[in-house]
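Down below is the structure, laid out as structure tokens.
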Amino acid sequence: LAKTTQPISMDSYEGQEVNITCSHNNIATNDYITWYQQFPSQGPRFIIQGYKTKVTNEVASLFIPADRKSSTLSLPRVSLSDTAVYYCLVGVSGNTGKLIFGQGTTLQVKP
Amino acid sequence: GAGVSQSPRYKVAKRGQDVALRCDPISGHVSLFWYQQALGQGPEFLTYFQNEAQLDKSGLPSDRFFAERPEGSVSTLKIQRTQQEDSAVYLCASSPGHLTDTQYFGPGTRLTVL
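Protein sequences, first through last, are from chains S and A.
Here my numbering is used: the first residue of the first sequence is 10, the next is one more, and so on.
Here my numbering is used: the first residue of the second sequence is -18, the next is one more, and so on.
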């Protein structure tokens, strides 16, 4: 399972675009990249998943360069309600699909 | 439709007591996972069920932890003789059944052992 590295914390202001980059140098050919979001007192929530290039949904965009050794989660025009922990996950573990979470990036959005 | 629900949301136990935590997955979901999340850390895998079969329990920290899903739907995580180090949030997640399916998490049960 590919090890991921992401910043421990980030600060931003309302209305700004936030980019969180995750490094995964030993990503395998078949691995997808998935991001989860976790608000205080809630379970993690799936945000977006991609394999290469760019994926966009109603919540975020995910940019993956050609070598796939990193990925960037982009949140457009953040609001206070985007304050949360964001986890980058790569691949699935074993034959069960269990998720291996790192420490995540704590995003604090200020007014 | 309804998401994953867990009960109780909060549980306080005295050291040495037994506790039981319940998870109601999304109806029809084959896969069910339990995770443990310590304060300030990401969730850590405990155990996995495919229908009623417990196929992976490699993450259970000791033999005091036991999980079951007898009819392939509701699951219970039981902790015997609780210790202070068991204090954490216990998260349940379910998915339709394929390895890369999105996992849907419940709100968790916060267990505090005094």
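All C-beta atoms, glycine included, are put in the ideal place defined by N, C-alpha and C.
Contact check, residue i vs residue j, beta carbons under 8 Å
i	j	result
Pro96/A	Thr90/A	No answer is possible for residue 96/A: the residues shown for chain A start at -18 and end at 95.
Gln61/A	Arg50/A	no
Val(-15)/A	Gln18/A	no
Ala69/S	Leu82/S	yes
Thr114/S	Gln15/S	yes
Val87/S	Ser21/S	yes
Ala1/A	Thr28/A	no
Pro88/A	Ser50/S	yes
Gly106/S	Asp82/A	yes
9 Å Cβ cut-off: residues of chain S touching residue i
i	result
Pro42/A	Here the premise fails: no neighbours, minimum Cβ distance about 15 Å.
Ala74/A	Gly52, Pro53, Leu108
Pro88/A	Ser50, Gln51, Gly52
Sequence-distant residues of its chain with Cβ nearer than 6 Å to residue i (five each side left out)
i	result
Gln46/S	Arg54, Ile56, Ala93, Tyr95
Phe30/A	Leu13, Arg50
Asp5/A	Ser(-14), Val55
Close beta carbons around residue i, own chain, < 7 Å, minus the five adjacent residues each side
i	result
Gln64/A	Arg(-4), Val94
Ser68/A	Leu92, Thr93, Val94
Glu52/A	Glu33
Strand pairing of residue i, partner residues [DSSP]
i	result
Asp5/A	Ser(-14)/A
Ile29/S	Leu82/S
Lys38/A	DSSP lists no partner for Lys38/A.
Lys(-5)/A	Lys(-5)/A is not bridged to any residue.
Leu20/A	Leu20/A pairs with nothing; no bridge assigned.
When the options are compared against residue i, the one with the closest alpha-carbon
i	options	result
Lys63/S	Gln117/S, Pro49/S, Ser79/S, Leu89/S	Ser79/S
Leu58/A	Gly87/A, Gly21/A, Trp15/A	Trp15/A
Glu33/A	Gly40/A, Asp82/A, Ala(-17)/A, Ser75/A	Ser75/A
Interface residues of chain A facing residue i [CB-CB closer than 7 Å]
i	result
Gly111/S	Gly23
Tyr41/S	Thr81
Interface partners of residue i on chain A, CB under 9 Å
i	result
Val95/S	One point to set straight first is that residue 95/S is Tyr, not Val, in the sequence displayed. Within 9 Å Cβ-Cβ: nothing; Tyr95/S doesn't reach chain A, min ~11 Å.
Amino acids of chain S, ordered along the chain, whose beta-carbon sits closer than 7 Å to that of residue i
i	result
Gly(-3)/A	The premise fails here: Gly(-3)/A is roughly 27 Å from chain S at the closest Cβ pair, so nothing lies under 7 Å.
Chain-ordered neighbours of residue i on chain S, where CB pairs are closer than 8 Å
i	result
Phe26/A	Ser102, Lys107, Leu108, Ile109
Sequence-distant residues of its chain with Cβ nearer than 8 Å to residue i (five each side left out)
i	result
Ile42/S	Cys31, His33, Ile36, Gln58, Gly59, Tyr60, Leu71, Ile73, Arg77, Ser80, Cys97, Leu98, Val99
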